[in-house]
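Structure first, commentary second.
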Ligand SMILES: [Zn+2]
C-alpha cells in the first residue's frame, strides 16, 4: 500500500487516494448506513437560518477520473463539495455531514428558492460527463444511487418531486447528470417524480423567437413545476434553456430546446401527477 492510499477490506478493489488535507480533517459518522467510506471535505458551512434539507440534487462529476473528482470535492480552497460521491463500482463516499451546507449547486433556483445549497443534499455521481465522452452509468452505480436516495428520502422526508438534476436548478449553466441518466429506473424504485414521456411525433412546436399566449402558457407550466423563469410570453434564450433542461430529465429521447407536442404533453402529465398541496404557486 502506497502512502496516501486508502485501505479497503477487499484488496482487489481499487484504492481511493485521499486528498492531502485528509489527515487534518475531522472525520464523522456517515449519515447513510450504506456509505462505505468517509473522506471529510474541507468545503462546507452552516445551512442558512437552519434550513432543513428537503431536496436531493444529483450531479455528475464531469472529470476524467474519480480520484481527481474526490480531490476537487474535498481539498480546501476549491470551494466545491458534495455530501456524497457515488463511484462507478457502487461504493458510496460521504464527504460532508447532511446537517451541513455543502457547496455543489452554485447560482441556482427552484420553486422560488435560490439558496439551493441550504435546502438540498448534493450527490455527485462519478461520470466523465459531456466534455469527456459521457459514458453510460453502470448498473451497480445506479443501484447505489437509488439505495442512497431512498434512505435520504425516508430519513429526511424528501418528496419525490424534489429529487432533481443540477440542470433543473441551473439550466443556463449545467447539463448534469444529463440525458443518459436513467430517471425512469430511479422512479421504478420510488426515487424521483417521473411519467412515461409522450412519444416524439412530427409537430411544429414552440421555439426561440416565438411570442404569444402559447409561450406564456408553457412558461407558466414550467414555473409551476419549479423551474426558475419569468412569464414574458416571449420564447427567449432562458425559455429555451429551461425546455432543454426539462427534456434532459423528462423527455430524453430528443433534447433540442423546442417545445414540441411530446414535450408539452409530458409536462402536463407531470403537473397533473404532482401532489396537489405541494404544487408551486406562480
Ligand atoms: Zn453539478
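Residue numbers (my numbering): 284 to 565. A virtual CB, placed ideally from N, CA and C, is assigned to each residue, including glycine. Predicted model, so just to flag it, every value in this text is computed and none were measured.
Rounded straight-line distance, which links the Cα of residue j to that of residue i
| i | j | result |
| --- | --- | --- |
| residue 356 | residue 337 | 22 Å |
| residue 317 | residue 486 | 46 Å |
| residue 492 | residue 525 | 15 Å |
| residue 540 | residue 519 | 11 Å |
| residue 517 | residue 381 | 40 Å |
| residue 450 | residue 456 | 7 Å |
| residue 528 | residue 360 | 30 Å |
| residue 454 | residue 550 | 16 Å |
| residue 476 | residue 535 | 15 Å |
| residue 437 | residue 428 | 14 Å |
| residue 547 | residue 501 | 8 Å |
| residue 358 | residue 323 | 9 Å |
| residue 496 | residue 523 | 16 Å |
| residue 474 | residue 532 | 13 Å |
| residue 403 | residue 431 | 14 Å |
| residue 304 | residue 354 | Confidence is the limiting factor: at residue 304 the pLDDT is only 49, short of 50, which leaves the residue's position unreliable and the question unanswerable from this model. |
| residue 313 | residue 469 | 23 Å |
| residue 375 | residue 499 | 43 Å |
| residue 369 | residue 319 | 10 Å |
| residue 351 | residue 447 | 25 Å |
| residue 439 | residue 315 | 11 Å |
| residue 515 | residue 466 | 30 Å |
| residue 433 | residue 459 | 20 Å |
Per-residue DSSP class, three states only, for residue i
| i | result |
| --- | --- |
| residue 468 | helix |
| residue 335 | coil |
| residue 505 | helix |
| residue 372 | coil |
| residue 329 | coil |
| residue 415 | helix |
| residue 341 | strand |
| residue 437 | helix |
| residue 304 | Below a pLDDT of 50, predicted positions are generally treated as unreliable, and residue 304, at 49, falls in that range; the measurement from the model is reported next regardless. Correct three-state label for residue 304: helix. |
| residue 542 | strand |
| residue 385 | strand |
| residue 569 | Look at the range of the chain in this structure, 284 to 565, and you will see that residue 569 is not part of it. |
| residue 363 | coil |
| residue 459 | coil |
| residue 293 | Bear in mind that a pLDDT of 47 at residue 293, under 50, signals an unreliable position, so the number given afterwards is only what the model happens to contain. Here residue 293 sits in coil by DSSP. |
| residue 390 | coil |
Start and end residues, beta strand (DSSP E) containing residue i
| i | result |
| --- | --- |
| residue 405 | 403-408 |
| residue 368 | 367-369 |
| residue 489 | Unbroken run through residue 489: none, as it is neither H nor E. |
| residue 448 | 446-448 |
Enclosing alpha helix (DSSP H) for residue i [first to last residue]
| i | result |
| --- | --- |
| residue 474 | From DSSP, residue 474 is part of no alpha helix (DSSP H); its letter is neither H nor E. |
| residue 379 | First-last for residue 379: undefined, no H or E at that position. |
| residue 478 | Where residue 478 is concerned, there is no enclosing alpha helix (DSSP H), given that its DSSP letter is neither H nor E. |
| residue 525 | 520-533 |
| residue 351 | 349-357 |
Own chain residues within Cβ distance below 7 Å of residue i, not counting five before or after
| i | result |
| --- | --- |
| residue 482 | 545 |
| residue 418 | 410 and 411 |
| residue 423 | 372 and 373 |
With 16 other Cβ atoms within 10 Å as the buried cut-off, status of residue i
| i | result |
| --- | --- |
| residue 377 | buried |
| residue 441 | buried |
| residue 332 | exposed |
| residue 390 | exposed |
| residue 348 | exposed |
| residue 530 | buried |
| residue 329 | exposed |
| residue 479 | exposed |
| residue 461 | buried |
| residue 408 | buried |
Residues of its chain near residue i, where Cβ-Cβ distance is below 8 Å and the 5 sequence neighbours each way are ignored
| i | result |
| --- | --- |
| residue 414 | 345 |
| residue 554 | 504, 507, 508 and 562 |
| residue 557 | 444, 476 and 508 |
| residue 388 | 340, 399, 400, 403, 405, 449, 452 and 453 |
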